[in-house]
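Colleague: Attaching a single structure in C-alpha cells format; questions to follow.
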Amino acid sequence: MSTLHANTVETSSGGAVTLTSQVADRYYGRWDGSSTYTVNSSLNQSSVTDITAGASTVTFTNNFANTNYAPFAFASNDRTQRLWAQMDGNFGGTPNDYGILSTSQFGFYVGDEASAVVDVYLNAARIIGDLA
C-alpha cells in the first residue's frame, strides 16, 4: 500500500486546482427505530424523536439555507418485507405533507406493504443541500 503526502496540489502549469461540481452530504443519519431509538451514525443531527409507530422527527444541528435540498430516505426490516420511507415537513405523526420541507427538521415515516406506518430497525436518510 502506498501513502501520498502533499502540502499543495497544483495543475501541471503550476496553477491552483479548481474542484467543480463537488457535492457532499450535509446531513446523514442511521438509527434503529424498532424499540428504543438508537442512533448508529449521524452527521448534522441534533436529535431523533419517536413520535408514534413508524414516525419520527429528526432535528438538524445546523439548519439548511432553504428547503431546496435533496432528501433521500431508506428503511429496512428484513430481506422479505417491502417497505416505503418518506421524509417531509409534517411532524404530527402522519405522512401527509408530501414535499413540504423545513430548514430545521424533517418528519421521517416508514410503512409496510399494506401501507401501514410501522417501526423498523434500519432507518437511514441523507440530504444534499446548502447550510445556512
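Counted from 1, the sequence shown has number 182 at position 70 by the working numbering; the numbering is strictly sequential.
Ideal Cβ placement from N, Cα and C applies to all residues, glycine included.
1. Enumerate in chain order the residues of its own chain whose CB-to-CB distance from arginine 194 is below 6 Å, with the five nearest sequence positions on each side excluded.
2. Rounded to whole angstroms, what's the CA-CA distance from aspartate 231 to isoleucine 240? Just pull it up for me.
3. When you compare each of Gly219, Tyr140, Ser133 to arginine 238 by their alpha carbons, which one comes out closest?
4. Candidates Ala182, Trp196, Asn235: which alpha carbon is nearest threonine 227's?
5. Please state whether DSSP places arginine 194 in a helix, a strand or coil.
6. Label valine 160 either buried or exposed according to how many other C-beta atoms from any shown protein chain fall within 10 Å of its C-beta, with 16 as the threshold for buried.
Modeller: In short:
1. If you number the sequence shown from 1, residue 194 lands on position 82. Contacts found: Glu225.
2. Counting from 1 along the sequence shown, the entry for residue 231 is found at position 119. Counting from 1 along the sequence shown, the entry for residue 240 is found at position 128. So the two alpha carbons sit approximately 25 Å from each other.
3. Within the sequence shown, residue 238 is the residue found at index 126, counting from 1. Taking only the C-alpha atoms, the option nearest arginine 238 is Tyr140.
4. The count along the sequence shown starts at 1 and reaches residue 227 at position 115. The amino acid occupying residue 227 in the given sequence is serine; threonine does not appear at that position. Comparing Cα-Cα distances from serine 227 to each of Ala182, Trp196, Asn235, the minimum goes to Trp196.
5. Stepping through the sequence shown from its first residue, residue 194 is reached at position 82. Arginine 194: coil per DSSP, three-state reduction.
6. Here the question's residue 160 lines up with position 48 in the sequence shown. Counting Cβ neighbours within 10 Å, valine 160 comes out buried, since at least 16 surround it.
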